[in-house]
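J.: Per full-length UniProt numbering, residue 1 is the first one in the sequence shown, and the count goes up by one each step.
Can you read through this structure? Questions will come right after.
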Amino acid sequence: MSSGETDVVIVGAGLAGLSAALKLKEQNRSFIVLEARHRSGGRIHTIKTEEQIAIDLGAQWVSPYHKRVKQLVTKYGLRLTPTYRTGNTIYDFNGVIEKKTGSWPLSLIEALDALKLKMRMNILSKQLSKDCPWKTELAQELDKKTVEQFIIEHGSTNKAKQLFQLLLEEVLCSKLYEVSTLDLLWCIAAAGSIDRLLTAEDYWIEEGAGTLTKRIADSLEGQIQFNQQVQSIEYDADGVFVHTYNQNWRAKKVVLAVPPNLVTRIQFSPPLLADRAQLNERAGMPSVIKLIFTYGKPFWREQGYNGTVYSNQGPVKLTLDSSPTDMSKGVLTTFITGEFARKLGRLSVESRINQIKNQLRRYFGQLVMSPCQVFEKDWSDDEWTRGGYGIHFPIGVISQLGPSLRNPIGPIHWAGTELASEWRMYMEGAIQSGERAAMDVVELLK
1 MSSGETDVVI
11 VGAGLAGLSA
21 ALKLKEQNRS
31 FIVLEARHRS
41 GGRIHTIKTE
51 EQIAIDLGAQ
61 WVSPYHKRVK
71 QLVTKYGLRL
81 TPTYRTGNTI
91 YDFNGVIEKK
101 TGSWPLSLIE
111 ALDALKLKMR
121 MNILSKQLSK
131 DCPWKTELAQ
141 ELDKKTVEQF
151 IIEHGSTNKA
161 KQLFQLLLEE
171 VLCSKLYEVS
181 TLDLLWCIAA
191 AGSIDRLLTA
201 EDYWIEEGAG
211 TLTKRIADSL
221 EGQIQFNQQV
231 QSIEYDADGV
241 FVHTYNQNWR
251 AKKVVLAVPP
261 NLVTRIQFSP
271 PLLADRAQLN
281 ERAGMPSVIK
291 LIFTYGKPFW
301 REQGYNGTVY
311 SNQGPVKLTL
321 DSSPTDMSKG
331 VLTTFITGEF
341 ARKLGRLSVE
351 SRINQIKNQL
361 RRYFGQLVMS
371 PCQVFEKDWS
381 DDEWTRGGYG
391 IHFPIGVISQ
401 LGPSLRNPIG
411 PIHWAGTELA
421 SEWRMYMEGA
431 IQSGERAAMD
441 VVELLK
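In structure tokens, the structure reads:
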């Protein structure tokens, strides 16, 4: 059993924890990062093919508005690649396949209805505080309705409502009746608009998002301890003791940069405040499987397709082209979310891959059935995540327990993309939350 003393212990080496560490290092504060996994990155995980092509099994996409991500990409010598958009997008609604460039497959009346829905979401989101959405008068009412109820109430045409059901279920990784309208509108407020939220797949990091987190971790010069699951935390007005199975750390502050559903695995003495404990218990992580196929070339481009598919039939809700810029391989990334992810997660790997290939054959033909390699990640099966992309709350949680998401408890501070006021649930939000937690700690240590 080893022991140590430092200013701050950071629990979790995902992008939030790493960003907190970078900020503490910049402020000349001592710290240690304790990570349960054998790697950095958390919900970011990149592997390489035999040809050294990056395959992102976790978080991947970067919007033009993700200023912090772009700064880190530049700082660590990486490159952003634009998502391929030339050609037809495939839309599979109710078994009817349409191929279009540019706009959604809607009639004029349906398009106007979709516009009305978007305007309503944007107007309501502008009335929320991005930092504390639970404080506004509107919050109580919004938190009484599920997103499904909101779409039914404000949509008029079936096609527009079905479109938003598809898009939002993919973003939330949940059925719309599982998520509060307040939660969704907080995400919209944090992104700036519903259009920004739904179209944030503009770029990806050519070397892989996991290369970014690894380079950040490498720059921290041994201040990260891997395979160190935090088992208990003792705290009082003077600081904290953080215990793993073979290490004890004494610190003035601790930053817990793990999602709320994993906080329940840590024993606290004294116990956490009731509001925070209840929030943790009600923080179920949604379900997502990411499945990536590689081919000799992106053959769908020759067929006039850009590799993007939207389907409300499932199990795949969304596909995107992640092929390298030199087209040395074709890479097709697919997303299975919510109830489809839970159903497929119960099958064998071979069975679920076959189901996905059979669906893709309807869009891209027989060539899709013979991939060079297949990579998959069921995030619900990951011991240190248990789902993805991030936690969305059911009705009645944020308005009642929301302040405990971010409020410190003595020397305990919180970070994670779920807490972000900018781009919540994205890598950008993780960075912002980590930097904010670190600066809060720095101010208190002065």
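Every residue, glycine too, gets a C-beta built ideally from N, C-alpha and C.
DSSP three-state call for residue 37: helix, strand or coil?
T.: Residue 37: coil per DSSP, three-state reduction.
J.: Could you tell me the boundaries of the beta strand (DSSP E) in which residue 249 lies?
T.: 247-256
J.: Can you tell me which of the three DSSP states residue 420 falls into?
T.: coil
J.: For the region 395-413 against the region 38-58, are there 3 or more C-beta pairs whose distance is under 8 angstroms?
T.: no
J.: Could you tell me if residue 271 is buried or exposed, where buried requires 16 or more neighbouring beta carbons within 10 angstroms of its beta carbon?
T.: Residue 271 counts as exposed, since fewer than 16 other beta carbons sit within 10 angstroms of its beta carbon.
J.: According to DSSP, is residue 4 part of a helix, a strand, or is it coil?
T.: In this structure, residue 4 counts as strand in the three-state DSSP scheme.
J.: Give the C-beta separation of residue 284 and residue 261 to the nearest angstrom, bearing in mind that I take them to be a contact with Cβ-Cβ under 8 angstroms.
T.: 6 angstroms
J.: Out of curiosity, what's the CA-to-CA distance linking residue 418 and residue 424?
T.: 6 angstroms
J.: Whose C-beta lies closer than 6 angstroms to the C-beta of residue 452 among residues of the same chain, with five residues either side of it excluded?
T.: Look at the range of the chain in this structure, 1 to 446, and you will see that residue 452 is not part of it.
J.: At which residues does the beta strand (DSSP E) containing residue 243 begin and terminate?
T.: 239-243
J.: Hey, residue 78 and residue 211: beta-carbon distance below 8 angstroms or not?
T.: yes
J.: Where do the ends of the alpha helix (DSSP H) carrying residue 403 lie?
T.: 403-406
J.: DSSP on residue 97, reduced to helix/strand/coil?
T.: strand
J.: Is residue 16 closer than 8 angstroms to residue 421 when the C-beta atoms are compared?
T.: Taking 8 angstroms as the Cβ cut-off, residue 421 and residue 16 do not qualify as a contacting pair.
J.: Since residue 206 and residue 46 should fall inside the 8 angstroms C-beta cutoff, what is the C-beta to C-beta distance between them, to a whole number of angstroms?
T.: With a Cβ gap of about 11 angstroms, residue 206 and residue 46 do not count as contacting.
J.: By alpha-carbon positions, which one of 67, 49, 129 and 195 ends up nearest to residue 116?
T.: Looking from the CA of residue 116, the closest CA among 67, 49, 129 and 195 belongs to 195.
J.: What are the start and end residues of the alpha helix (DSSP H) that includes residue 126?
T.: 108-126
J.: Look at the alpha carbon of residue 323 and the alpha carbon of residue 102, and state the distance between them as a whole number of angstroms.
T.: 21 angstroms
J.: In this structure, does DSSP put residue 154 in helix, strand or coil?
T.: When secondary structure is reduced to three states using DSSP, residue 154 falls in the helix class.
J.: Does residue 384 come out as helix, strand or coil in the three-state DSSP assignment?
T.: coil
J.: For residue 22, which of helix, strand or coil comes out of DSSP?
T.: helix
J.: So residue 56 is in the beta strand (DSSP E); what residue range does that whole segment cover?
T.: 54-56
J.: Does residue 74 pass the burial test, meaning 16 or more other C-beta atoms within 10 Å, or should it be called exposed?
T.: exposed
J.: If residue 337 and residue 173 are in contact, beta carbons under 8 angstroms, what's the gap, nearest whole angstrom?
T.: 4 angstroms
J.: Check residue 414 in the structure and name its three-state DSSP category.
T.: Note: residue 414 maps to strand in three-state DSSP.
J.: In three-state DSSP terms, what is residue 260?
T.: helix
J.: In whole angstroms, what separates the C-alpha of residue 303 from that of residue 384?
T.: 41 angstroms
J.: So for residue 399, helix, strand or coil by DSSP?
T.: helix
J.: Does the distance from the CB of residue 114 to the CB of residue 182 come in under 8 angstroms?
T.: no
J.: Would you please verify whether the beta carbon of residue 20 is less than 8 angstroms from any beta carbon of chain D?
T.: Absence of chain D from the displayed structure is noted, only one protein chain being present.
J.: As a quick exercise: from 92, 315 and 232, pick the residue whose alpha carbon is nearest that of residue 265.
T.: If you compare the alpha carbons of 92, 315 and 232 with that of residue 265, the shortest gap goes to 232.
J.: By the DSSP assignment, the beta strand (DSSP E) with residue 331 in it spans what residues?
T.: 330-337
J.: How many Å lie between residue 53 and residue 298 at the Cα?
T.: 14 angstroms
J.: For residue 91, which residues does DSSP report across the bridge?
T.: 98 and 310
J.: In whole angstroms, give me the CA-to-CA distance for residue 278 and residue 317.
T.: Linking residue 278 to residue 317 through their CA atoms gives a straight-line distance of about 32 angstroms.
J.: Give me whichever residues DSSP pairs with residue 378 in a beta bridge.
T.: 289
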